[in-house]
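These protein sequence lines are chains A and B, in that order.
Sequential numbering from 2 applies to the first sequence in this note's numbering.
Sequential numbering from 17 applies to the second sequence in this note's numbering.
Cβ coordinates follow ideal geometry from the N, Cα and C atoms, glycine included.
Take a look at the structure below.
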Amino acid sequence: MIDMDKLVDIEKSTQSKQVFWDQGVYDRELERIFGRCWLFLAHESQLQKTGDFFTTKMGEDSVIVVRHTDGSLKAFINSCTHRGNSVCTADSGNTRSFVCNYHGWVYSTDGSLVDVPLKERCYHDDIDMSAMSLPSIRVESYRGFVFGCFDETAPSLVDFLGDWGWYLDTWMVGAGEGAELIGPPSKSILKCNWKVPAENFVGDGYHVGWTHASALEMLGGELGGLAGNRANMPFDELGIQVTTRHGHGFGVIDHAGIGIHDKREGYAKFLQETQPGVAEKLGQPRAELYDGHWNCTTFPNCSFLYGTNIFKVWHPRGPHEIEVWSWVIVHKDMDEDTKKEVVKQAIRSFGTAGTLESDDGDNMVNSTRNNQGRHTRKNTMDSRMGVGHEGPHPDYPGIVGSSFIGETSYRGFYRFYQEIMSADSWDAIRAKDEQWADCFPNKDYWKDRLAAKAKAKGGE
Amino acid sequence: MHNTEAKDRVSMQLHYDVSQHYYQEATLLQEREYQTWLETFIAEDIHYWMPVTERRYAKDKRAEPSPNDMAIINDDYDELKQRVDRLGTGTVWMEDPPSSVRFLLSNIEVFHTDKEDEFVVRCNFITTRHRGQLERSQHVGGRVDLLRKTESGYRLVRRKIVLDARVTEDKNLYIFF
Numbered sequence: 002m003i004d005m006d007k008l009v010d011i012e013k014s015t016q017s018k019q020v021f022w023d024q025g026v027y028d029r030e031l032e033r034i035f036g037r038c039w040l041f042l043a044h045e046s047q048l049q050k051t052g053d054f055f056t057t058k059m060g061e062d063s064v065i066v067v068r069h070t071d072g073s074l075k076a077f078i079n080s081c082t083h084r085g086n087s088v089c090t091a092d093s094g095n096t097r098s099f100v101c102n103y104h105g106w107v108y109s110t111d112g113s114l115v116d117v118p119l120k121e122r123c124y125h126d127d128i129d130m131s132a133m134s135l136p137s138i139r140v141e142s143y144r145g146f147v148f149g150c151f152d153e154t155a156p157s158l159v160d161f162l163g164d165w166g167w168y169l170d171t172w173m174v175g176a177g178e179g180a181e182l183i184g185p186p187s188k189s190i191l192k193c194n195w196k197v198p199a200e201n202f203v204g205d206g207y208h209v210g211w212t213h214a215s216a217l218e219m220l221g222g223e224l225g226g227l228a229g230n231r232a233n234m235p236f237d238e239l240g241i242q243v244t245t246r247h248g249h250g251f252g253v254i255d256h257a258g259i260g261i262h263d264k265r266e267g268y269a270k271f272l273q274e275t276q277p278g279v280a281e282k283l284g285q286p287r288a289e290l291y292d293g294h295w296n297c298t299t300f301p302n303c304s305f306l307y308g309t310n311i312f313k314v315w316h317p318r319g320p321h322e323i324e325v326w327s328w329v330i331v332h333k334d335m336d337e338d339t340k341k342e343v344v345k346q347a348i349r350s351f352g353t354a355g356t357l358e359s360d361d362g363d364n365m366v367n368s369t370r371n372n373q374g375r376h377t378r379k380n381t382m383d384s385r386m387g388v389g390h391e392g393p394h395p396d397y398p399g400i401v402g403s404s405f406i407g408e409t410s411y412r413g414f415y416r417f418y419q420e421i422m423s424a425d426s427w428d429a430i431r432a433k434d435e436q437w438a439d440c441f442p443n444k445d446y447w448k449d450r451l452a453a454k455a456k457a458k459g460g461e
Numbered sequence: 017m018h019n020t021e022a023k024d025r026v027s028m029q030l031h032y033d034v035s036q037h038y039y040q041e042a043t044l045l046q047e048r049e050y051q052t053w054l055e056t057f058i059a060e061d062i063h064y065w066m067p068v069t070e071r072r073y074a075k076d077k078r079a080e081p082s083p084n085d086m087a088i089i090n091d092d093y094d095e096l097k098q099r100v101d102r103l104g105t106g107t108v109w110m111e112d113p114p115s116s117v118r119f120l121l122s123n124i125e126v127f128h129t130d131k132e133d134e135f136v137v138r139c140n141f142i143t144t145r146h147r148g149q150l151e152r153s154q155h156v157g158g159r160v161d162l163l164r165k166t167e168s169g170y171r172l173v174r175r176k177i178v179l180d181a182r183v184t185e186d187k188n189l190y191i192f193f
């Protein structure tokens, strides 16, 4: 039996190295995390016309998402209910039906079985086709981002995102028509546990200066000062970190959204022109975040960098390997030239051949691979940076950490990881909705800090 | 952007010259002489491009990827220069100790174009990268280049790199092809 209290020690802010290695832990993750959480599938802009489909994965399950004839989005498992072969082998396209290559069974775009060859002569009409649809998956969209969930008892997508949706609206609603993704995704293999990049994106502002020293030095700009951690910067004044109820979280470097973009005139102008509209529509706190650089993970495995605008899904392939899928985020209101510029800049930095992307891979692989050592994985990993320097904030929901460099959202990610891995049901998780933030006990952190700041300002 | 059409095949002598140029390029990259490669082999109007190619059904009539679409690499001279310059910063931890990258080029075909001094060159490649103790990757594909003959030798004007694999079996593609 897996004892989650031993694998994640909330009080000490440590995790057992087994969480990056053990098959038993991974099997439970597929069941309890990938089987119960909302997982990113596609963006609606890829699925506009009736019959538009996209094939993807949920955990290790192959899944089709498609625009049905009634206009709704459907998702189902890509495995024939006869003998299990795939019913779709293309990445994307447009179709009226899905035909299995094995025996020719035909499914409609809602997953229902509509034709079985030789049904009268060989099945003697003794087959209930209505009971043999492709297993369906719940589908819901948030601001055009389509997610799927295997669990009928899971909360709605909006409730699953919770306060994280409030933050996402900053750019998914923004000032105008919102955002979309540019694909098709590039895909690559990384031999690491899926949580290594997920935790890195959710809250690792710390690695930026060191891991990415070479790229930052070459790029210069707003983030150039971080290179090699040489600059003396007031980190507590440059951004925040946030974790929310279901482990989603992010860190933001204030006003550094386009810091990684080299050719950026169009994007800079777009942000500048639309920021007042965000303040008007969503209020000043979110307008402040709008031109920041965000590193984010939507629990469990969907990560993105808003600003740099790369959007990634980490599809697990066993405990020690993932498939990395990368899209680019653009605002729908951008002109075509600016969209193209953003796509070019995003892939140049964090695409498969990106100048910054290539800095991260080794760290993620080695942080996984070292745990092959039996004695290595008897030890724990540490995420205590900034403990106590975090709490509820008057303007920002969730638990807010003091700086973009800290491990508040690591702790929040593993807090929920432990909870969902331990819980028998979503009801057990819902029962703790009021207490989830108890492990962040410094409730007055922001009250005190903002009061001290106001006082200092008054004394000037 | 890649509309320069290949015309007749070039003479044996010209094919030999271009082939030797390509082997020299491979040698420079294998020896990590990236700066020299950039300065002596690359034209300032370079477009260096690796598209993302989906697996689509044969009946799918959507257009082939263009340089305006999602890509893996889509560099002009400045961007290619940054890739090279980054490797000279001394803080690329992944390249210390350095990777061993090897380029195997074959099926080199050289064609005239409408312009006397420009040639379309197609070839196939296998690029391998070995790192650390056991890490190895292999990338197979084809290149379509536009090569310009100048007073200081051949310069690469366009390079389209098409990988055969849909999913890259490597941690990144920070490799010059």
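At a Cβ threshold of 9 Å, is residue i touching chain A?
i, result
"L103 of chain B", "yes"
"R99 of chain B", "yes"
"V108 of chain B", "yes"
"E95 of chain B", "yes"
"H18 of chain B", "Here the model assigns H18 of chain B a pLDDT of 49, short of 50, so the residue's position is not dependable and the matter cannot be decided."
"D91 of chain B", "yes"
"E55 of chain B", "no"
"D161 of chain B", "no"
List the residues of chain A that residue i touches, going by C-beta distances under 8 Å, in chain order.
i, result
"R72 of chain B", "A91, D92, S93, G94"
For residue i, return the contacting residues in chain A, with the cut-off set at a CB-CB distance below 7 Å.
i, result
"R182 of chain B", "K188"
Give the range of the alpha helix (DSSP H) segment to which residue i is assigned.
i, result
"L30 of chain B", "28-46"
"T171 of chain A", "164-173"
"C123 of chain A", "120-123"
"S423 of chain A", "409-423"
"M5 of chain A", "5-8"
"A429 of chain A", "427-431"
"L3 of chain B", "Past the edges of chain B, shown from 17 to 193, lies residue 3 of chain B, and the structure says nothing about it."
Can you give the Cα-Cα distance for residue i and residue j, rounded to whole angstroms?
i, j, result
"Q15 of chain A", "T381 of chain A", "The sequence as given places Thr at residue 15 of chain A; Gln does not occur at that position. For T15 of chain A and T381 of chain A, the distance between alpha carbons rounds to 6 Å."
"H104 of chain A", "R33 of chain A", "34 Å"
"H18 of chain B", "D24 of chain B", "Residue confidence for H18 of chain B is low, a pLDDT of 49 falling below 50, so the modelled location carries little weight; the figure read from the coordinates is stated next. When rounded, the distance between both Cα atoms is 18 Å."
"G36 of chain A", "E420 of chain A", "15 Å"
"K350 of chain A", "E47 of chain B", "According to the sequence as given, residue 350 of chain A is Ser; it is not Lys. Answer to the nearest angstrom: the Cα atoms are 25 Å apart."
"S187 of chain A", "S404 of chain A", "32 Å"
"P198 of chain A", "L44 of chain B", "34 Å"
"L217 of chain A", "A354 of chain A", "16 Å"
"W447 of chain A", "K196 of chain A", "29 Å"
"R412 of chain A", "V401 of chain A", "12 Å"
"V117 of chain B", "L103 of chain B", "14 Å"
"V366 of chain A", "F441 of chain A", "31 Å"
"E70 of chain B", "D76 of chain B", "11 Å"
Listing by chain order, which chain B residues have their CB less than 9 Å from the CB of residue i?
i, result
"E105 of chain A", "A quick correction: the sequence has Gly, not Glu, at residue 105 of chain A. Correct list: empty, because the minimum Cβ distance to chain B is about 16 Å."
"T1 of chain A", "This structure gives no information on residue 1 of chain A, because the portion of chain A shown stretches from 2 to 461."
"V473 of chain A", "For residue 473 of chain A there is no data in the structure shown, the boundaries of chain A being 2 and 461."
"R349 of chain A", "I89, N90, D91, E95, Q98, R99"
Chain A partners of residue i, CB-CB under 9 Å?
i, result
"I62 of chain B", "Under the 9 Å cutoff, chain A gives no residues; its nearest Cβ is about 14 Å from I62 of chain B."
"E185 of chain B", "S189, I190"
"D14 of chain B", "Nothing in the structure corresponds to residue 14 of chain B, since chain B is present only between 17 and 193."
Under 9 Å between C-beta atoms, does residue i make it to chain C?
i, result
"Y190 of chain B", "Checking the listed chains, one finds no chain C in this structure; the protein chains it contains are A and B."
Kindly indicate the opening and closing residues of the beta strand (DSSP E) around residue i.
i, result
"R171 of chain B", "169-179"
"T57 of chain A", "53-59"
"E125 of chain B", "116-128"
"A132 of chain A", "That residue, A132 of chain A, is in no beta strand (DSSP E); it is neither H nor E in DSSP."
"Q24 of chain A", "First-last for Q24 of chain A: 24-33, but that is the alpha helix (DSSP H), not the beta strand (DSSP E)."
Would you mind telling me which residues of chain B sit closer than 7 Å to residue i, beta carbon to beta carbon, in chain order?
i, result
"A216 of chain A", "R102"
"P185 of chain A", "V68, E70, M86"
"S359 of chain A", "M110, N188, Y190"
Taking residue i as the query, report the chain B residues whose CB atoms sit under 8 Å from its CB, ordered along the chain.
i, result
"M219 of chain A", "Q98, D101, R102, T105"
Closest Cβ-Cβ distance between residue i and chain B: below 9 Å?
i, result
"V344 of chain A", "yes"
"T212 of chain A", "yes"
"D263 of chain A", "yes"
"E324 of chain A", "yes"
"D363 of chain A", "yes"
"T377 of chain A", "no"
"G52 of chain A", "no"
"V67 of chain A", "no"
Does at least one heavy atom of the ligand SAH sit under 8 Å from the Cβ of residue i?
i, result
"D133 of chain B", "Absent from the structure shown: the ligand SAH. Ligands present: none."
Continuous beta strand (DSSP E) assignments of at least 3 residues falling wholly in the segment 190-271 of chain A: 240-244, 250-254
Beta strand (DSSP E) runs wholly inside the segment 330-403 of chain A, at least 3 long, in chain order: 381-383, 400-402
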